[in-house]
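Okay, so the sequence shown: first residue is 1 according to the UniProt record's numbering, each after it adds one.
We put the CB at the ideal spot given by N, CA and C, even for glycine.
Please read these numbers as outputs of a predicted model, since none were measured by experiment.
Structure first, commentary second.
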Amino acid sequence: MIKRDLLYEGKAKRLYETSEPSILWVTYKDQATAGNGAKKEAIAGKGQLNNQITSMIFKKLKEKDIPSHFIMEVSETDQLIEKVAMFDLEVVVRNVAAGSFSRRLGVDEGTELAFPVLEFYLKDDGLNDPLINDDHVLALNLADQKEIDEIKRQAHNINQSLIEIYSEAGIRLIDFKLEFGKAAKEQIVLADEISPDTCRLWDEKTNDRLDKDVFRQDLGDIIPLYQEVLDRLTRDQKEK
Ligand code: C5P
1 MIKRDLLYEG
11 KAKRLYETSE
21 PSILWVTYKD
31 QATAGNGAKK
41 EAIAGKGQLN
51 NQITSMIFKK
61 LKEKDIPSHF
71 IMEVSETDQL
81 IEKVAMFDLE
91 VVVRNVAAGS
101 FSRRLGVDEG
111 TELAFPVLEF
121 YLKDDGLNDP
131 LINDDHVLAL
141 NLADQKEIDE
151 IKRQAHNINQ
161 SLIEIYSEAG
171 IRLIDFKLEF
181 GKAAKEQIVL
191 ADEISPDTCR
201 LWDEKTNDRL
211 DKDVFRQDLG
221 DIIPLYQEVL
231 DRLTRDQKEK
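Structure (structure tokens):
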């Protein structure tokens, strides 16, 4: 597989074409951003941790029959993925109140929700990724009703699997963000990344934060925390 032209550069990843038209090459960057890029820092070692964590999670999801765009890791910071047509949607699933949910609705952070709450956000940096509902998704032609239903079904299913995967690593899954794309034959698949950048992860015993909130709120160095998440996920893998 030969890496070709840069296709897209995001806040945390670079996407390249490859010699195979249906496959893309992703490089995870040593950069952390928060507040839609308002806070931005180079953090050595973050790229390889997020690549390894995401790869590990996608592999564990595959074992649970959850498909994704992930193909394989090609180096510590790089992976190959299937090229999919992305929905301009961010799908957030929340098990426990935190972050913007707590701020918007006045619910204390850490409050268990009666059931997993799914939210859609429009993927648009210029608008700060606003919260939208199903009608907005339909009216803006972001997805049709069948696709909305399928995305929701998969997101809830992924939530159950992620709760199990993290729980085996002694971690509580508070909430997370997913993105989906359409692969060959219009099949809807999980895409993008699943890492401590995109999930709120709290230590099961202490509720210590093991995720990007530590960077967002200037609470310390995220590298040892992300390393801890990777070590715990790997330890669990070795014990099996
Ligand atoms: O900020 P908020 O509470 O809405 O975030 C919910 C979840 O989605 C968090 O786990 C956060 O890390 C993730 N998220 C993300 N990318 C965004 C917005 C939120 O990964 N652009």
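Once DSSP output is grouped into helix, strand and coil, what is the label at residue i?
i	result
residue 125	helix
residue 86	strand
residue 41	strand
residue 1	coil
residue 60	helix
residue 36	coil
residue 51	helix
residue 27	strand
residue 100	helix
residue 77	coil
residue 92	strand
residue 111	coil
Rounded to whole angstroms, what is the Cα-Cα separation between residue i and residue j?
i	j	result
residue 20	residue 215	37 Å
residue 82	residue 192	11 Å
residue 219	residue 213	8 Å
residue 162	residue 61	8 Å
residue 147	residue 227	36 Å
residue 30	residue 42	6 Å
residue 40	residue 100	20 Å
residue 32	residue 63	30 Å
residue 156	residue 35	26 Å
Is residue i near the ligand C5P, with its Cβ less than 6 Å from a heavy atom?
i	result
residue 176	yes
residue 234	no
residue 92	yes
residue 108	no
residue 161	no
residue 129	yes
residue 4	no
residue 37	no
residue 100	yes
residue 104	no
residue 111	no
residue 33	no
residue 172	no
residue 198	yes
Mind listing, in chain order, the continuous alpha helix (DSSP H) runs of no fewer than 4 residues lying wholly within the stretch 140–228?
-> Counting only runs of 4 or more, we get 145–168 and 213–216.
Worksheet item: Counting pairs of beta carbons, one from the stretch 50–61 and one from the stretch 138–146, are three or more of them closer than 8 Å?
Response: No contact exists between the stretch 50–61 and the stretch 138–146.
Between the stretch 118–125 and the stretch 195–215, can you find at least three pairs of beta-carbon atoms closer than 8 Å?
Segments in contact, no.
- Query: Are three or more beta carbon pairs between the stretch 89–98 and the stretch 175–191 nearer than 8 Å?
  - Reply: Cβ pair count under 8 Å is three or more, so yes.
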